[in-house]
Amino acid sequence: MWEYLIHGEPTPGLRPFLEGVGKALEAQGFRYNPHSEAPNLVLNAITPENPRPYRRKAQATFVASVLELPEFPKDPLRELYPYLVRALSNVLLAYVPDQGVKFLTLELGHYGEPEGEGFYERVAERLRPIACSRLVINNVFEPDLEPELWQGDELTESMYRAGKKLKEWDLLPAPFPIEEILPPEDLRHVKRLYGIGGLSYGNLSVRKDEKRFWMSASGVDKANLREIGRDILMVKDYDPEKNAIILSVPPHVEPRRVSVDAIEHWMIYREHPEVGAILHVHAWMEGVPATQFNYPCGTYELAQAVAEKVRQAPDPARAVVGLKNHGLTITGRSLDEILERIEGKLIRTVPMA
Numbered sequence: 001m002w003e004y005l006i007h008g009e010p011t012p013g014l015r016p017f018l019e020g021v022g023k024a025l026e027a028q029g030f031r032y033n034p035h036s037e038a039p040n041l042v043l044n045a046i047t048p049e050n051p052r053p054y055r056r057k058a059q060a061t062f063v064a065s066v067l068e069l070p071e072f073p074k075d076p077l078r079e080l081y082p083y084l085v086r087a088l089s090n091v092l093l094a095y096v097p098d099q100g101v102k103f104l105t106l107e108l109g110h111y112g113e114p115e116g117e118g119f120y121e122r123v124a125e126r127l128r129p130i131a132c133s134r135l136v137i138n139n140v141f142e143p144d145l146e147p148e149l150w151q152g153d154e155l156t157e158s159m160y161r162a163g164k165k166l167k168e169w170d171l172l173p174a175p176f177p178i179e180e181i182l183p184p185e186d187l188r189h190v191k192r193l194y195g196i197g198g199l200s201y202g203n204l205s206v207r208k209d210e211k212r213f214w215m216s217a218s219g220v221d222k223a224n225l226r227e228i229g230r231d232i233l234m235v236k237d238y239d240p241e242k243n244a245i246i247l248s249v250p251p252h253v254e255p256r257r258v259s260v261d262a263i264e265h266w267m268i269y270r271e272h273p274e275v276g277a278i279l280h281v282h283a284w285m286e287g288v289p290a291t292q293f294n295y296p297c298g299t300y301e302l303a304q305a306v307a308e309k310v311r312q313a314p315d316p317a318r319a320v321v322g323l324k325n326h327g328l329t330i331t332g333r334s335l336d337e338i339l340e341r342i343e344g345k346l347i348r349t350v351p352m353a
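For the sequence shown, the positions run 1 to 353 when full-length UniProt numbering is used.
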């Protein structure tokens, strides 16, 4: 059974909201346990003056911080994202009494649920996929990369060119400087739990051989993918027992972590030998099939949902899959071929539903 708890001191307007959402979660199979050491979901009540974080003790705990506001901001991303980060949240719920709630995710998704019939049930339904997902963000680094690959190859050079092209298309938001927003203690907590020091969006990979593929690292400038082990990593496999991505790195480099979407790319390459490259961008295209739920990045469930859509495509080696409220995953024979196919067809604003 899934467990949830409520953390923080709710403002008067938040109390009935949290009670209503809690009852709806319980109707969907959750159990309220205020003493849980590793709850699936935490509803973290915060205020603009004190966006106090809930300090997770387990990676499997997803935090939904809830903030009461007198009105919705005109630019939710710009005005609310700092609260999302300061509260160490997976998702932020900005609640305006008698109007509804707006969701904001780390991946820049933002969408709303208006007050009205079934309001709490709809909010709980939005939270359930987040709370029940399984993160695959652990990395195991094995210093066994062949010396002839320490400086990269023609495939990593194609990743460098693709990153430059995406920058030209203005599809690579700069890495979000969480170290400038979080106080040192919270930043240490995030690094200890997740091993990350920055956030960035979009990633790319190319197949090396039957089992391995090159992939961009997490939190790096995708427009300047050069150093092997730091900007670009060799993914060898996924270990289900350790729930970790296995990477081959040069022995003399202190590696960065691979992109959180590595599990998704691993699933696609494993099933479709004809896929030679994968690109993920925060953009959209008209008429693309999309995943049903807004699963968080780096979860096994999101990877499965995307892999299923690729499987259903007329040609899995040329698939375009929409990630609900998030962006696109695009397969191709090569990165150059993907970029040629999509040039001039991308919509920079992802529709939110």
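Ideal Cβ placement from N, Cα and C applies to all residues, glycine included.
Exercise. From this set, T329, D315, S36, which residue's C-alpha is nearest G202's C-alpha?
Worked result: Against the sequence shown, residue 202 aligns to sequence position 202. Considering only alpha carbons, the answer is T329.
Problem set entry | Limits of the unbroken alpha helix (DSSP H) element including D336 | For the purposes of this step, residue 336 is identified with residue 336 of the sequence shown, where counting begins at 1. Counting along the chain, the alpha helix (DSSP H) containing D336 begins and ends at 335-342.
Problem set entry | Close beta carbons around L339, own chain, < 7 Å, minus the five adjacent residues each side | For the purposes of this step, residue 339 is taken as residue 339 along the sequence shown, with counting starting at 1. A162, K165.
For this session: Pull up the distance between the alpha-carbon of L335 and that of K74, whole angstroms please.
Result: Here the question's residue 335 lines up with position 335 in the sequence shown. Here the question's residue 74 lines up with position 74 in the sequence shown. Rounded to whole angstroms, L335 to K74 spans 37 Å at the Cα level.
Problem set entry | Inter-residue Cα distance where the pair is I246 and D144 | Counting from one through the sequence shown, the residue named residue 246 turns up at place 246. Counting from one through the sequence shown, the residue named residue 144 turns up at place 144. CA-to-CA, the gap between I246 and D144 works out to about 11 Å.
Problem set entry | Terminal residues of the beta strand (DSSP E) in which Y95 lies | Taking the first residue of the sequence shown as position 1, residue 95 is located at position 95. Counting along the chain, the beta strand (DSSP E) containing Y95 begins and ends at 91-96.
Exercise. With respect to the beta strand (DSSP E) encompassing G202, which residues constitute its N-terminal and C-terminal limits?
Worked result: Start at 1 with the first residue of the sequence shown, and residue 202 comes out as number 202. Taken as a continuous stretch (DSSP letters only), G202 belongs to no beta strand (DSSP E), as it is neither H nor E.
Exercise. Helix, strand or coil: how does DSSP classify P183 here?
Worked result: If you number the sequence shown from 1, residue 183 lands on position 183. The answer is coil: DSSP assigns P183 none of H, G, I, E or B.
Problem set entry | Assigned exposure category for F77 - 16 Cβ within 10 Å defines buried | Locating residue 77 in the sequence shown gives position 77, where the first residue counts as 1. Per the sequence shown, the amino acid found at residue 77 is Leu instead of Phe. It counts as exposed.
Problem set entry | For E40, the nearest candidate out of Y81, L80, N90 (CA to CA) | By one-based count along the sequence shown, residue 40 stands at place 40. In the sequence as displayed, the identity of residue 40 is Asn instead of Glu. Across the set Y81, L80, N90, the C-alpha of N90 shows the shortest separation from the C-alpha of N40.
Exercise. Is it the case that the Cβ atoms of I263 and V310 are separated by a distance below 8 Å?
Worked result: Position 263 of the sequence shown, counting from 1, holds the residue named residue 263. Position 310 of the sequence shown, counting from 1, holds the residue named residue 310. The answer is no: Cβ separation not under 8 Å.
Problem set entry | Cβ-based neighbour list, T156, same chain, cut-off 6 Å, excluding 5 preceding and 5 following | On the sequence shown, position 156 is the one that residue 156 refers to. Contacts found: W214, I232.
Exercise. When the Cα of P351 is compared with those of V320, L93, H326, E49, which residue comes out closest?
Worked result: The residue you call residue 351 lines up with position 351 of the sequence shown. With distances taken between CA atoms, P351 lies nearest to H326 out of V320, L93, H326, E49.
Exercise. How is the alpha helix (DSSP H) around W266 delimited, first residue to last?
Worked result: Sequence index remark: in the sequence shown, residue 266 carries index 266 (1-based). 262-271 is the extent of the alpha helix (DSSP H) around W266.
Problem set entry | Under 8 Å between C-beta atoms of A217 and R230 | Position 217 of the sequence shown, counted from the first residue, corresponds to residue 217. Position 230 of the sequence shown, counted from the first residue, corresponds to residue 230. Cβ atoms of A217 and R230: closer than 8 Å.
Exercise. Of the residues H282, M285, L225, which one's Cα is nearest the Cα of R256?
Worked result: Start at 1 with the first residue of the sequence shown, and residue 256 comes out as number 256. With distances taken between Cα atoms, R256 lies closest to L225.
Exercise. Quick one, are the C-beta atoms of A60 and L43 less than 8 Å apart?
Worked result: Here the question's residue 60 lines up with position 60 in the sequence shown. Here the question's residue 43 lines up with position 43 in the sequence shown. Contact: no.
Exercise. In chain order, what residues of the same chain lie with their CB nearer than 6 Å to the CB of T291, ignoring the 5 residues before and after it?
Worked result: Indexing the sequence shown from 1 puts residue 291 at position 291. A305, L323, K324.
Exercise. To the nearest angstrom, how far is it from the Cα of E37 to the Cα of H7?
Worked result: On the sequence shown, position 37 is the one that residue 37 refers to. On the sequence shown, position 7 is the one that residue 7 refers to. If you take the alpha carbons of E37 and H7, they lie about 13 Å apart.
Problem set entry | Option in P70, P289, R126 with minimal Cα separation from Q99 | The residue labelled residue 99 in the question sits at position 99 within the sequence shown. Cα-wise, what sits closest to Q99 is P70.
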